[in-house]
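Using our numbering, the first residue of the sequence shown is number 147, and each one after it goes up by one.
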Amino acid sequence: MDQLLERFLSYVAVETQSKPQARQVPSSEGQWTLARQLQEELLALGFVDVTLSDHCCVMGTLPANVDWPTPVIGFISHMDTSPDFTAKQVKPQIVENYRGGDIALGNGEEVLSPVMFPVLHQLTGHTLITTDGTTLLGADDKAGVAEIMTAMARLAKSDVPHGAIRVAFTPDEEIGRGASHFDVESFAADWAYTIDGSGLGEFEFENFNAASATVKIAGNNVHPGSAKGVMVNALELAMRFHAEVPAQEKPELTSGYEGFYHLHQIKGTVEQAELHYIIRDFDRDSFDARKQRLQDIAKRLNRGLQAECGIEVVLTNSYFNMREKVEPHPQIIELALQAIRDCGIEPQVKPIRGGTDGAALSYMGLPCPNIFTGGFNYHGKHEFASLNIMEKTVQVIVRIAELAGQKKAAD
147 MDQLLERFLS
157 YVAVETQSKP
167 QARQVPSSEG
177 QWTLARQLQE
187 ELLALGFVDV
197 TLSDHCCVMG
207 TLPANVDWPT
217 PVIGFISHMD
227 TSPDFTAKQV
237 KPQIVENYRG
247 GDIALGNGEE
257 VLSPVMFPVL
267 HQLTGHTLIT
277 TDGTTLLGAD
287 DKAGVAEIMT
297 AMARLAKSDV
307 PHGAIRVAFT
317 PDEEIGRGAS
327 HFDVESFAAD
337 WAYTIDGSGL
347 GEFEFENFNA
357 ASATVKIAGN
367 NVHPGSAKGV
377 MVNALELAMR
387 FHAEVPAQEK
397 PELTSGYEGF
407 YHLHQIKGTV
417 EQAELHYIIR
427 DFDRDSFDAR
437 KQRLQDIAKR
447 LNRGLQAECG
457 IEVVLTNSYF
467 NMREKVEPHP
477 QIIELALQAI
487 RDCGIEPQVK
497 PIRGGTDGAA
507 LSYMGLPCPN
517 IFTGGFNYHG
527 KHEFASLNIM
537 EKTVQVIVRI
547 AELAGQKKAA
557 D
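Below, the structure written as C-alpha cells:
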C-alpha cells in the first residue's frame with residue numbers, strides 16, 4: 147500500500163479547488179498542474195493515446211494484453227476538490243493502526259471523534275489519513291485518482307489478462323461543469339465506472355434527478371407611514387412562499403429514496419427578493435411534480451397582486467437519474483458486483499443522494515455507475531480516508547479489468 151499512499155499524498159499536495167465564480171473550465175490553475183502530472187505518469191506507465199484536452203481532461207489507454215476482442219472499459223475520477231471549505235496547503239496526518247477514540251487534528255483544537263462520526267468504530271486497525279483540522283483533505287476525489295493510477299500501474303506490470311482500458315481524469319466535477327466538456331466519442335469505451343464513492347463495498351447506479359429553482363419576487367416599496375394598500379413587501383412574499391413548501395421535505399428530515407426541497411440562499415429588500423432552492427428526487431414523475439409545485443405556489447400568491455409586482459420561478463435542470471441509462475445494461479452492474487465479491491467484500495448497493503460525473507456521462511451515451519473509494523466526511527475539515535479501504539478499491543478495479551478481459555466484445 148506504500149505506493150498507493152505515496153500517490154495519494156502527492157495528489158492532495160496540489161491545490162485543485164474548483165471556483166464556482168470562474169467562467170472558464172477548469173476553474174482553477176491547480177487543476178492544470180495535476181492534469182500535467184497525471185499525463186506524465188500515464189506515459190511513464192506505457193499508456194498510449196494519452197491526451198490533455200483544452201478543458202483539462204486527461205485521457206489515456208492501457209493496451210490490451212489478450213489477443214481476442216474484448217469490451218473497452220473505462221475508469222474515471224475528478225481532479226478538483228470542493229469549494230465548500232479551504233483547500234490551501236493541505237497537511238495530511240497519517241494515523242497507523244487506529245485504536246479507536248478521538249483523533250487530534252493538528253494542534254488538537256479540532257478532533258475527529260467516533261461520537262460525531264460513528265463510522266470510525268468500523269475502522270479500528272486501519273491506517274487513516276486525516277486533515278490537520280485547517281483544510282479539507284481532498285479524498286473527494288483524489289482517493290479515486292490514486293486508486294485508478296495504482297491499479298493501472300499494477301496491471302501494466304503484471305500478467306493479469308485484460309482488454310483495452312481507458313482512464314480519464316476530469317475537472318470541475320464539484321461545480322457541475324467538467325462532464326459538459328467530456329468527449330465521449332474520443333473516449334471510446336463501451337462503459338465506464340466513476341471511482342467517487344465512500345464506504346467499503348458501496349456501488350451506486352442510481353442518483354437524484356436534480357434541478358435548481360430561483361424564485362424572483364418583485365415588490366413595491368413606499369414610506370411605511372403611508373403604505374396601507376400600496377406597499378407590497380417582497381420579503382413578506384418570500385416568507386409566504388417558503389411557508390407553502392412542504393416543511394417535512396427538506397434534507398435534514400429525509401434519507402434513502404426520499405426527495406426534498408432545499409432552500410440554500412435568500413436575499414432581498416422590501417422592493418425585491420430572491421429565494422434559491424435545489425430540488426431532488428429519484429423518481430422522474432415525482433421530480434417533475436416538485437418543480438410544478440413551486441410554479442403552482444407562485445401562481446396562487448400572484449393572484450390579486452399589483453401588475454408590476456409578482457413572483458417568477460425560474461427552473462434549471464442539473465442532472466438526471468443514471469438508473470434510466472445504466473439499468474438497460476445489466477452486465478455492467480453484474481460485472482462490478484462480482485468483482486467486489488471476488489475481493490471478499492459484500493456489495494452495498496445504494497442510491498447516491500447527489501450526483502456524479504457518471505450521471506451526466508450516462509446521458510451522454512457512456513453508462514457509468516459509481517464505486518467506493520474509502521473516503522469519508524467529504525467537503526470539510528473532518529474529511530478522512532482509510533488506506534485499507536483504498537487498497538480494496540484498487541483490487542476491485544484490477545478484478546473488474548480481469549473479468550472484462552474474459553468477455554467477448556460481442557457480449
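Built from N, CA and C at the ideal position, the CB exists for glycine as well.
Q) Can you list, in chain order, the residues of its chain whose CB lies under 6 Å from that of Ile457, leaving out five sequence neighbours each side? A) Locating residue 457 in the sequence shown gives position 311, where the first residue counts as 1. Same-chain partners within the cutoff: Ile363, Ala444, Leu447 and Asn448.
Q) For Val160 versus Leu184, is the C-beta distance shorter than 8 Å? A) Translated into the one-based positions of the sequence shown, residue 160 becomes position 14. Translated into the one-based positions of the sequence shown, residue 184 becomes position 38. No. Outside cutoff.
**Q.** Arg323 versus Gly371 - alpha carbon distance
**A.** The count along the sequence shown starts at 1 and reaches residue 323 at position 177. The count along the sequence shown starts at 1 and reaches residue 371 at position 225. In a straight line, the C-alpha of Arg323 is about 49 Å away from that of Gly371.
Q. Between the beta-carbon of His475 and the beta-carbon of Phe231, is there less than 8 Å?
A. By one-based count along the sequence shown, residue 475 stands at place 329. By one-based count along the sequence shown, residue 231 stands at place 85. His475 is not a Cβ neighbour of Phe231, given a cutoff of 8 Å.
Q | Integer Cβ distance of Thr316 from Ala325, believed to fall under 8 Å | A | Counting from one through the sequence shown, the residue named residue 316 turns up at place 170. Counting from one through the sequence shown, the residue named residue 325 turns up at place 179. The pair is a contact, with the Cβ atoms about 7 Å apart (cut-off 8 Å).
Q: Please look up how many angstroms separate the CB atoms of Tyr339 and Asn516, rounded, as I've assumed it's under 8 Å.
A: Translated into the one-based positions of the sequence shown, residue 339 becomes position 193. Translated into the one-based positions of the sequence shown, residue 516 becomes position 370. Confirmed, about 7 Å.
Q. Is it right to say Leu399 is buried, meaning 16 or more other beta carbons lie within 10 angstroms of its own, or is it exposed?
A. For the purposes of this step, residue 399 is taken as the residue at position 253 of the sequence shown. By the neighbour-count rule (16 or more Cβ atoms within 10 Å), Leu399 is not buried but exposed.
Q) Which one or two residues does DSSP pair with Val495 in a beta bridge? A) By one-based count along the sequence shown, residue 495 stands at place 349. For Val495, which the question treats as bridged, DSSP gives the partners Phe349.
(Q) So for Val306, helix, strand or coil by DSSP? (A) Counting from 1 along the sequence shown, the entry for residue 306 is found at position 160. Here Val306 sits in coil by DSSP.
(Q) What does the Cβ neighbour count give for Gln411, buried or exposed, with the cut at 16 atoms within 10 Å? (A) Along the sequence shown, read from residue 1 onward, the residue named residue 411 stands at position 265. With fewer than 16 Cβ atoms within 10 Å of its Cβ, Gln411 is classed as exposed.
Q) If you draw a straight line from the C-alpha of Thr462 to the C-alpha of Glu492, how long is it? A) Stepping through the sequence shown from its first residue, residue 462 is reached at position 316. Stepping through the sequence shown from its first residue, residue 492 is reached at position 346. Rounded to the nearest angstrom, the two C-alpha atoms are 38 Å apart.
Q: Tell me whether Met147 sits in a helix, a strand or coil according to DSSP, three-state version.
A: Stepping through the sequence shown from its first residue, residue 147 is reached at position 1. Met147 falls in the coil class under three-state DSSP.
Q: Let me know the secondary structure DSSP gives His410 once reduced to three states.
A: To locate residue 410, count along the sequence shown from 1; it is residue 264. Three-state result, His410: strand.
Q.
Measuring only the C-alpha atoms, how far is Thr519 from Glu319?
A. One-based indexing of the sequence shown puts residue 519 at position 373. One-based indexing of the sequence shown puts residue 319 at position 173. Roughly 16 Å separates the two Cα atoms.
Q. Quick one: what's Met205 bridged to in DSSP?
A. Here residue 205 refers to the residue found at position 59 of the sequence shown. Answer is Thr197 and Ala314.
Q. Can we say the segment 157-175 touches the segment 283-290, given the rule of at least three CB pairs closer than 8 Å?
A. yes
**Q.** Exposed unless 16 or more other CB atoms sit within 10 angstroms - verdict on Asp226
**A.** Here residue 226 is taken as the residue at index 80 of the sequence shown, counted from 1. Under this definition Asp226 is a buried residue.
Q. Over what stretch of residues does the beta strand (DSSP E) that includes Tyr339 continue unbroken?
A. As a position in the sequence shown, residue 339 is number 193, starting the count at 1. Residue range Trp337 to Ile341 is occupied by the beta strand (DSSP E) that includes Tyr339.
**Q.** As assigned by DSSP and simplified to three states, the class of Asp557
**A.** By 1-based counting over the sequence shown, the position of residue 557 is 411. Any reading at Asp557 must be qualified, since the residue scores a pLDDT of 47, below 50, and its modelled position is unreliable; the value itself is stated next. Note: Asp557 maps to coil in three-state DSSP.
Q) alpha helix (DSSP H) containing His388: first to last residue? A) The sequence position of residue 388 within the sequence shown is 242, counting from 1. Ala380 to Ala389 is the extent of the alpha helix (DSSP H) around His388.
(Q) Using 8 Å as the cut-off, can you tell me whether the segment 501-508 makes contact with the segment 237-250, which would need three or more C-beta pairs spanning the two stretches below that distance? (A) no
Q: Could you check what DSSP says for Trp155 in three-state terms: helix, strand or coil?
A: Position 9 of the sequence shown, counted from the first residue, corresponds to residue 155. According to the sequence displayed, residue 155 carries Leu and not Trp. DSSP places Leu155 in helix when its eight states are reduced to three.
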